[in-house]
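Just below is one structure, and these are the notes that go with it.
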Ligand code: COA
Ligand code: MG
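Residue numbers (my numbering): 6 to 301.
Have a look at this one:
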């Protein structure tokens with residue numbers, strides 16, 4: 006399952022669902038949480054269930070994106086009802102917001118076990134992603150995702166809810182960079198993902214008209230290790246897909262590194278064009294080819 010671009014779609018907007026279906030996003034996150042007003046929560050459950058029935062794999066109106074649902078946080082008491090409405094054939098995953106740690110994954114997974122069986126689905130088939138930095142408690146539990154729950158495929162992070170949780174008045178410096186608490190959250194999300202062996206997904210870029218700014222920020226994210234990114238607007242998807250896919254040059258360089266090591270199988274360190282390459286570079290090159298869909 007590709008987790009490069011994950012586009013949020015408010016769970017009560019038919020128009021946006023249609024538009025999102027044509028966006029080319031790897032994942033559509035059908036939202037029942039904060040993009041839906043309290044008065045629309047109940048209606049949104051039925052609307053999202055209808056989309057999954059219509060557009061899930063094997064349906065006549067199937068979309069190319071995997072369908073995930075962001076449920077309401079466990080603390081609201083709404084999560085179980087959300088799951089009961091949307092766990093049906095065609096659902097690929099659940100995004101858990103405001104999670105405090107791996108215990109929330111276990112709690113949602115136990116509900117999924119029951120609901121999948123009742124819906125005639127393979128138990129364990131619905132995957133889980135977590136927004137892992139939205140509460141103060143969560144910040145102390147990033148290590149709890151290791152070892153990973155078998156359903157866990159990725160972690161992402163969020164700054165807005167964390168700001169509100171700690172009573173911050175802003176989360177960016179005047180030049181647009183994250184302030185320290187959010188740089189910590191972002192970094193810990195990366196380390197927690199690498200530790201658990203799941204995909205690190207960078208948070209959203211709020212200024213959805215600024216394609217150039219998004220591109221710069223995605224390049225930084227990829228440089229640091231993120232493998233995908235949340236989108237909030239269909240216009241962001243193309244940039245995200247491009248920035249998180251290996252470029253032709255990346256692939257060519259990876260092939261050169263792998264070929265050089267294969268040609269000298271007894272060496273752990275080699276030189277190419279005056280630069281040193283050792284085993285971590287070889288592993289990175291293998292990952293690049295895998296991300297490009299090529300066997301090393
Ligand atoms: N998914 C699908 N379609 C979307 C979309 C999205 N996330 N965001 C915008 N669109 C559609 C709009 O409906 C509009 O369609 P139209 O041309 O048929 O009218 C078109 O794209 C252009 O939209 P635009 O005018 O540029 O933006 P907007 O002011 O209508 O919407 C937001 C701005 C932020 C409200 C909207 O992008 C949005 O709802 N994003 C997702 C928010 C969300 O889910 N947040 C939760 C996670 S933080
Ligand atoms: Mg939020």
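Where a beta carbon is used, it is the ideal one built from N, C-alpha and C, also for glycine.
Quiz item: Are the segment 153 to 161 and the segment 106 to 114 touching by the rule of at least three beta carbon pairs closer than 8 Å?
Solution: yes
Quiz item: Looking at the structure shown, is residue 149 part of a helix, part of a strand, or coil, going by DSSP?
Solution: helix
Quiz item: Could you give the distance in angstroms between the alpha-carbon of residue 229 and the alpha-carbon of residue 209?
Solution: 16 Å
Quiz item: Who pairs with residue 280 in a beta bridge, going by DSSP?
Solution: 277
Quiz item: Rounded to a whole number of angstroms, what is the C-alpha to C-alpha distance between residue 61 and residue 91?
Solution: 12 Å
Self-check item: Bridge partners - residue 32, DSSP secondary structure assignment
Solution: 11, 71
Quiz item: Looking at the structure shown, is residue 300 part of a helix, part of a strand, or coil, going by DSSP?
Solution: coil
Self-check item: Residues that residue 236 bridges to, as DSSP identifies them
Solution: 12
Quiz item: What's the gap between the Cα of residue 281 and the Cα of residue 275?
Solution: 6 Å
Quiz item: Which one of 55, 180, 232 has the shortest CA to CA distance from residue 160?
Solution: 232
Quiz item: Can you round the beta-carbon distance between residue 25 and residue 14 to whole angstroms, since I take them to be within the 8 Å contact cut?
Solution: 5 Å
Quiz item: For residue 34, does the count of other Cβ atoms within 10 angstroms reach 16, so buried, or fall short, so exposed?
Solution: buried
Practice problem: Would you identify the three-state DSSP class for residue 212, choosing helix, strand or coil? | Solution: coil
Quiz item: Are residue 249 and residue 59 touching if we call contact CB-CB under 9 Å?
Solution: no
Quiz item: Can you tell me the Cα-Cα spacing of residue 174 and residue 168, whole angstroms?
Solution: 7 Å
Quiz item: Should residue 144 be labelled buried (16 or more other beta-carbon atoms within 10 Å of its own) or exposed?
Solution: buried
Practice problem: Ignore the nearest five residues each way along the sequence and tell me which others in residue 114's own chain have a CB closer than 7 Å to its CB. | Solution: 133, 154, 156
Quiz item: According to DSSP, is residue 131 helix, strand or coil?
Solution: coil
Quiz item: Is it true that the CB of residue 101 sits closer than 9 Å to the CB of residue 136?
Solution: yes
Self-check item: Residue range of the unbroken beta strand (DSSP E) whose run includes residue 251
Solution: Per DSSP, residue 251 belongs to no beta strand (DSSP E) and is neither H nor E.
Quiz item: Quick one: what does DSSP say residue 161 is sitting in, helix, strand or coil?
Solution: strand
Quiz item: Is there at least one non-hydrogen atom of the ligand MG closer than 8 Å to the beta-carbon of residue 21?
Solution: no
Practice problem: Determine the extent of the alpha helix (DSSP H) in which residue 86 is found, giving its start and end residues. | Solution: 84 to 91
Practice problem: Taking all protein chains shown into account, decide if residue 28 is buried (16 or more other Cβ within 10 angstroms of its Cβ) or exposed. | Solution: buried
Quiz prompt | Pair within 9 Å by beta-carbon distance, residue 6 and residue 158 | solution = yes
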